[in-house]
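Student: The structure's right below; bear with me while I get my questions together.
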Amino acid sequence: MLHSRILLFLFFTLNMFSNGPIAKTDTLSRKAILKLTAEATDNLSAFKFEQSLATARVALRYAINRNDDYLVAKSYNTIAATFEALSEVDKAIFYYKKGLAYADKSSNDTIKSSLNNNIGNIYCFELNKLDEGVNYYKKALEYSTKIDDTRGIYITKMNIAWAYFYRGNFEKGRPYLDFINKHQSDYGGKGTIVALNMLNGMYYTNKLELDKADSFFKNAIRLGNEGNEKSDLSYAHQEYANLLKKKGDYKKAYENLVIYNSIRKSLEDSDKVKRANIVGVNLELDEYKRKVDTIENEISLQYLSLQKSRVIVVLFIIALTVVLLLLYSVYKNYSFKKKINADLIIANEKLFIAKEKAEEASYLKSQFVSTISHELRTPLYGVVGITNMLLDEHKELADSPHLSSLKFSARYLLSLVNDVLQINKIEENRIVLESLTFNMSDEINLIKNSLSFIAKSHDNHINVVIDPSIPEYLIGDKLRFSQIIINMVSNALKFTNNGEVTIKADLVKIENKAHFIEFNIQDNGVGIAEEDQEKIFDKFVQIGRKEIDYQGTGLGLSIVKRLLELFNSTISLKSKIGEGTTFTFTIAFDHDPAKSIELINKIQVDLTSSEIFKILVVDDNKINQLITKKIIEKNNYKCIVVDSGIDALEILETETFDIILMDINMPLMNGFETTIRLRQKGIVTPVIALTAFDKDEIIEEALSAGINDIIIKPFEPILLFKTINQLLYEENETELV
Ligand code: ADP
9 MLHSRILLFL
19 FFTLNMFSNG
29 PIAKTDTLSR
39 KAILKLTAEA
49 TDNLSAFKFE
59 QSLATARVAL
69 RYAINRNDDY
79 LVAKSYNTIA
89 ATFEALSEVD
99 KAIFYYKKGL
109 AYADKSSNDT
119 IKSSLNNNIG
129 NIYCFELNKL
139 DEGVNYYKKA
149 LEYSTKIDDT
159 RGIYITKMNI
169 AWAYFYRGNF
179 EKGRPYLDFI
189 NKHQSDYGGK
199 GTIVALNMLN
209 GMYYTNKLEL
219 DKADSFFKNA
229 IRLGNEGNEK
239 SDLSYAHQEY
249 ANLLKKKGDY
259 KKAYENLVIY
269 NSIRKSLEDS
279 DKVKRANIVG
289 VNLELDEYKR
299 KVDTIENEIS
309 LQYLSLQKSR
319 VIVVLFIIAL
329 TVVLLLLYSV
339 YKNYSFKKKI
349 NADLIIANEK
359 LFIAKEKAEE
369 ASYLKSQFVS
379 TISHELRTPL
389 YGVVGITNML
399 LDEHKELADS
409 PHLSSLKFSA
419 RYLLSLVNDV
429 LQINKIEENR
439 IVLESLTFNM
449 SDEINLIKNS
459 LSFIAKSHDN
469 HINVVIDPSI
479 PEYLIGDKLR
489 FSQIIINMVS
499 NALKFTNNGE
509 VTIKADLVKI
519 ENKAHFIEFN
529 IQDNGVGIAE
539 EDQEKIFDKF
549 VQIGRKEIDY
559 QGTGLGLSIV
569 KRLLELFNST
579 ISLKSKIGEG
589 TTFTFTIAFD
599 HDPAKSIELI
609 NKIQVDLTSS
619 EIFKILVVDD
629 NKINQLITKK
639 IIEKNNYKCI
649 VVDSGIDALE
659 ILETETFDII
669 LMDINMPLMN
679 GFETTIRLRQ
689 KGIVTPVIAL
699 TAFDKDEIIE
709 EALSAGINDI
719 IIKPFEPILL
729 FKTINQLLYE
739 ENETELV
């Protein structure tokens, strides 16, 4: 027996839409699809199953294309309902559930309520699963209550009552019957009136209130015949037959059953069903196609994701390789750095050792140079002194080429030793310029005189041209200045024959106390070739030395250049082969008028003395003793010589001297020690150290020992007497004060 219950559909007012043909495009507006679903529902209500399915199929296709869950659910609802009407229960359930799946994805509670209600019908009336069916009904009630859909609530409650009555459970159905009875006029509407009367008829039949039931059934049948609810009319006849059976009116019961059958037959017209089934097959084909599409889609998605995963795997492998390579390079780098560091540490250690060795070597070198020069100077002092003595004592030997050769060689050796010592000191930055007041003009003239011997031997004339605006007294290192001028002038004289050498000094600038004086040492000698002009300032460089006989060590210009650097000055030259050379440099000397006046006053004192001074010479070297004694006695002074410090202290116990000349380097007791001791004894006699040591090296120790002055051997006799006179004069002055 077929029980088609009250289905729920959504009805829309679609008057605004035209009824024109559907465009054969893949997309259709939402409203047009809604119109199609409404059309399908109308067809179903009119039992036009074929049209209903065809229209719903089109609506479904467009709804799917639009990806509209609500419209898809709605289309499935109509399709399922049509199949239900065609007694295709399995298909009906299948499409209802599909619809419900889409409905659940949408936010529309009306469609959710409809589908649950319709599934409830199938479970209760077709599958005999009352409880499950009622559950669906209750879900439908939840949704319709939520959106306050009173008609939906009414229909679902009517279906529940019917389902319970259909299963003979009248008590459970009773509350629902009461509800629908109460709200018929406001919620129920026309379409439910036949069913309502029929349900009351069923209830009262069960209650055996047969007359009451009879009246309800008659009402139902009357209204059914007047309206469109033919299906409900058929059920009303069927249930009425049950009542008539109970009454024992079998004839009428039979008649009603005949009417029931004829109505159902007209509804389930076999042709209609056939045609509808053909459409239904198409629909199923669609469904299969969709399934195939979905599967293909899934496959292609899987393929894509596989592709993606492949790409990801490849990328991962590449990234991993890169990371591994990076790690490897970091590791390599690290081990390389470690190795380099280790190498560096070793190199550093080596460098440190090398530096220490170099420092030690440098120290040893300077020690060596100073020791050697000291050791050389002492015998040279002897050689030069004895040569002089020989020449003095044997005038007939004055022209002896051997003797003059000896003298030349000794002097050459001496200047070499002095130059080496000088350059060594400069290179070790051991020279600090002094600031002494001196008369520049006097100094230059002194140099001119002392070099007159070389000038004569080369038939040269020396001119001195001094700018009168240069102050008479300047402050600076007179000794180093003289050294520069001597070197320059002696070079000019050596490389000029029968010519002129001019020493020119000009005041070029004054800045506060500093007087900038430009010196030009000019000659008209052999000249220096352009390509040699830079080289000549290097150590031991001598140009065109072979043939010409002149003296020199190749250190002169190198010393000059370095000394000038100490004066913050540089040297330049202009020269042409065969025409001569001019060297130029500028030195800034301070000028202090007050100091100059003081000095002038001092110089006016007459230092010449006719007194005969008594001098003690303390020296262990016999040759030196001899030479010094000769020099002193030549100046008519009295000289007593002792061999050692001890002897000196002894003689000083009994005798007094005006001056003591003290050698420093002596065995047992050196010059410093001897002086300290004699000072301890209260002897104040001025002590002059006569030494082959460099003055700078011993000056501090000498002064602290009580030595008054130092003279470096070999010395010019005049320097010795000048120093002696100066000390004695100072002594007299302090005595006077
Ligand atoms: P030395 O004079 O001992 O040879 P220097 O360093 O003083 O060493 O000079 C280096 C070289 O420069 C000399 O050998 C000489 O060739 C050249 N020289 C220096 N001064 C002059 C000058 N006034 N005229 C020509 N040549 C010069």
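Letter by letter, the sequence shown follows residues 9 to 745 in the working numbering. Beta carbons are placed, not taken as given, at the ideal position from N, Cα and C, and that holds for glycine. None of these values were measured; they are calculated from a predicted model.
For residue 221, which three-state DSSP category applies?
Tutor: In the sequence shown, counting from the first residue as 1, residue 221 sits at position 213. Residue state, collapsed to three classes: helix.
Student: So is the beta-carbon of residue 679 under 7 Å away from any non-hydrogen atom of the ligand ADP?
Tutor: Within the sequence shown, numbered from 1, the residue matching residue 679 stands at position 671. No; taking the cut-off as 7 Å, the Cβ of residue 679 has no heavy atom of the ligand ADP nearer than that.
Student: Using only the alpha-carbon positions, how far apart do residue 731 and residue 355 sit?
Tutor: As a position in the sequence shown, residue 731 is number 723, starting the count at 1. As a position in the sequence shown, residue 355 is number 347, starting the count at 1. Distance between the alpha carbons of residue 731 and residue 355 is about 56 Å.
Student: Rounded C-beta distance between residue 241 and residue 202? I'm assuming under 8 Å.
Tutor: Here the question's residue 241 lines up with position 233 in the sequence shown. Here the question's residue 202 lines up with position 194 in the sequence shown. Sure, about 6 Å apart at Cβ, within 8 Å.
Student: Is residue 467 near the ligand ADP, going by C-beta to nearest heavy atom under 7 Å?
Tutor: The residue given as residue 467 occupies position 459 in the sequence shown. No; taking the cut-off as 7 Å, the Cβ of residue 467 has no heavy atom of the ligand ADP nearer than that.
Student: Measuring only between beta-carbons, confirm whether residue 390 sits less than 8 Å from chain E.
Tutor: The structure shown contains no chain E, having only a single protein chain.
Student: Would residue 630 pass as a contact of residue 646 if the rule is Cβ separation under 8 Å?
Tutor: Mapped onto the sequence shown, residue 630 falls at position 622. Mapped onto the sequence shown, residue 646 falls at position 638. No; because the gap between Cβ atoms is not below 8 Å, this pair is not in contact.
Student: Does the separation of the CB atoms of residue 74 and residue 45 fall below 8 Å?
Tutor: Counting from 1 along the sequence shown, the entry for residue 74 is found at position 66. Counting from 1 along the sequence shown, the entry for residue 45 is found at position 37. Taking 8 Å as the Cβ cut-off, residue 74 and residue 45 do not qualify as a contacting pair.
Student: How far does the alpha helix (DSSP H) with residue 526 in it reach, from first residue to last?
Tutor: If you number the sequence shown from 1, residue 526 lands on position 518. Careful: residue 526 lies outside any alpha helix (DSSP H), inside the beta strand (DSSP E) at 522-531.
Student: Which residue marks the beginning of the beta strand (DSSP E) containing residue 591, and which one marks its end?
Tutor: Translated into positions along the sequence shown, residue 591 becomes position 583. Taken as a continuous stretch (DSSP letters only), the beta strand (DSSP E) holding residue 591 covers 588-598.
Student: Look up residue 469 in the DSSP assignment and say whether it is helix, strand or coil.
Tutor: As a working mapping, residue 469 is identified with position 461 in the sequence shown. Here residue 469 sits in strand by DSSP.
Student: Straight-line CA distance for residue 574 to residue 337?
Tutor: Here residue 574 is taken as the residue at index 566 of the sequence shown, counted from 1. Here residue 337 is taken as the residue at index 329 of the sequence shown, counted from 1. Using only the alpha carbons, I get a separation of about 55 Å.
Student: What do you reckon, are the CB atoms on residue 496 and residue 529 nearer than 8 Å?
Tutor: One-based indexing of the sequence shown puts residue 496 at position 488. One-based indexing of the sequence shown puts residue 529 at position 521. Their beta carbons are under 8 Å apart, which means residue 496 touches residue 529 by this criterion.
Student: Quick one: is the Cβ of residue 698 within less than 7 Å of any heavy atom of the ligand ADP?
Tutor: Here residue 698 is taken as the residue at index 690 of the sequence shown, counted from 1. Every heavy atom of the ligand ADP is 7 Å or more from the Cβ of residue 698, so no.
Student: If you draw a straight line from the C-alpha of residue 404 to the C-alpha of residue 707, how long is it?
Tutor: One-based indexing of the sequence shown puts residue 404 at position 396. One-based indexing of the sequence shown puts residue 707 at position 699. Straight-line Cα distance between these residues: approximately 42 Å.
Student: According to DSSP, is residue 624 helix, strand or coil?
Tutor: What you label residue 624 is simply residue 616 of the sequence shown in a count that begins at 1. Here residue 624 sits in strand by DSSP.
Student: What first and last residue would you give for the beta strand (DSSP E) that runs through residue 179?
Tutor: On the sequence shown, residue 179 is found 171 positions in, with the first residue counted as 1. Where residue 179 is concerned, there is no enclosing beta strand (DSSP E), although the alpha helix (DSSP H) it sits in stretches over 178-191.
Student: How would you write the range of the beta strand (DSSP E) that residue 699 sits in, first residue to last?
Tutor: In the sequence shown, residue 699 corresponds to position 691, counting from 1. Unbroken beta strand (DSSP E) run through residue 699: 695-699.
Student: With distances taken between CB atoms, is the gap from residue 677 to residue 697 smaller than 8 Å?
Tutor: Against the sequence shown, residue 677 aligns to sequence position 669. Against the sequence shown, residue 697 aligns to sequence position 689. No, the pair does not count as a contact, with Cβ atoms beyond the cut-off.
Student: For the structure I just gave you, are there three or more beta carbon pairs, one from the segment 685-695 and one from the segment 367-387, closer than 8 Å?
Tutor: These segments do not touch.
Student: Considering only the alpha carbon of each residue, which of 625, 86, 322, 78 lies closest to residue 65?
Tutor: The sequence position of residue 65 within the sequence shown is 57, counting from 1. Considering only alpha carbons, the answer is 86.
Student: Can you give me the start and stop residues for the alpha helix (DSSP H) that residue 68 sits inside?
Tutor: Taking the sequence shown and counting its residues from 1, one reaches residue 68 at position 60. Residue 68 -> alpha helix (DSSP H) spans 57-74.
Student: Have a look at the DSSP bridge pairing and note the partners of residue 513.
Tutor: Looking up residue 513 in the sequence shown gives position 505. In the DSSP output, where bridge partners are listed per residue, residue 513 has 474, 527.
Student: Going by the CB atoms, is the gap between residue 94 and residue 107 shorter than 8 Å?
Tutor: Working through the sequence shown from its first residue, we reach residue 107 at position 99. Working through the sequence shown from its first residue, we reach residue 94 at position 86. Not in contact: residue 107 and residue 94 (Cβ atoms no closer than 8 Å).
Student: Indicate whether the contact test is met: 3 or more Cβ pairs, each with one atom in the segment 206-213 and one in the segment 222-238, closer than 8 Å.
Tutor: Enough Cβ pairs lie closer than 8 Å, so yes.
Student: If we call anything under 8 Å between Cβ atoms a contact, is residue 168 one with residue 181?
Tutor: Start at 1 with the first residue of the sequence shown, and residue 168 comes out as number 160. Start at 1 with the first residue of the sequence shown, and residue 181 comes out as number 173. For residue 168 and residue 181, yes; Cβs fall inside 8 Å.
Student: Spatial neighbours of residue 534 within its chain, please: CB distance less than 6 Å, with the 5 preceding and 5 following residues excluded, ordered by chain position.
Tutor: Along the sequence shown, read from residue 1 onward, the residue named residue 534 stands at position 526. Around residue 534: 503.
Student: Could you name the residues that DSSP lists as bridge partners for residue 132?
Tutor: Taking the sequence shown and counting its residues from 1, the one referred to as residue 132 is at position 124. Paired residues: none, contrary to the question.
Student: Which one or two residues does DSSP pair with residue 752 in a beta bridge?
Tutor: An answer regarding residue 752 cannot be provided, because it is not within the stretch 9 to 745 covered by the chain.
Student: Based on Cα-Cα distance, which residue from 488, 368, 566, 249 lies nearest to residue 262?
Tutor: Residue numbering aside, residue 262 sits at position 254 when the sequence shown is read from its first letter. That would be 249, whose Cα lies nearest to the Cα of residue 262.
Student: Flag this pair as yes or no: are the beta carbons of residue 81 and residue 62 separated by less than 8 Å?
Tutor: Within the sequence shown, residue 81 is the residue found at index 73, counting from 1. Within the sequence shown, residue 62 is the residue found at index 54, counting from 1. No, they are not a contact pair.
Student: Give me, in chain order, the residues of the same chain whose beta-carbon lies closer than 8 Å to that of residue 598; leave out the 5 immediate sequence neighbours on both sides.
Tutor: Position 590 of the sequence shown, counted from the start, is the residue given in the question as residue 598. The residues are 443, 482, 483, 484, 521, 522, 523.
Student: Assuming contact is defined by CB atoms lying nearer than 8 Å, are residue 125 and residue 163 in contact in what I supplied?
Tutor: Position 117 of the sequence shown, counted from the first residue, corresponds to residue 125. Position 155 of the sequence shown, counted from the first residue, corresponds to residue 163. In this structure, residue 163 lies closer than 8 Å to residue 125 by Cβ.
Student: Less than 6 Å between C-beta atoms, sequence neighbours within five positions excluded: which residues of the same chain meet that for residue 392?
Tutor: Locating residue 392 in the sequence shown gives position 384, where the first residue counts as 1. For residue 392, where only same-chain residues beyond five positions count, the Cβ hits under 6 Å are 418, 722.
Student: Counting only the same chain and skipping the five closest in sequence on each side, list residues whose C-beta sits under 7 Å from that of residue 748.
Tutor: Any property of residue 748 remains undetermined from this structure, which presents the chain solely from 9 to 745.
Student: Output the distance between the C-alpha atoms of residue 245 and residue 102, rounded to the nearest integer angstrom.
Tutor: Translated into the one-based positions of the sequence shown, residue 245 becomes position 237. Translated into the one-based positions of the sequence shown, residue 102 becomes position 94. The alpha-carbon atoms of residue 245 and residue 102 are separated by roughly 31 Å.
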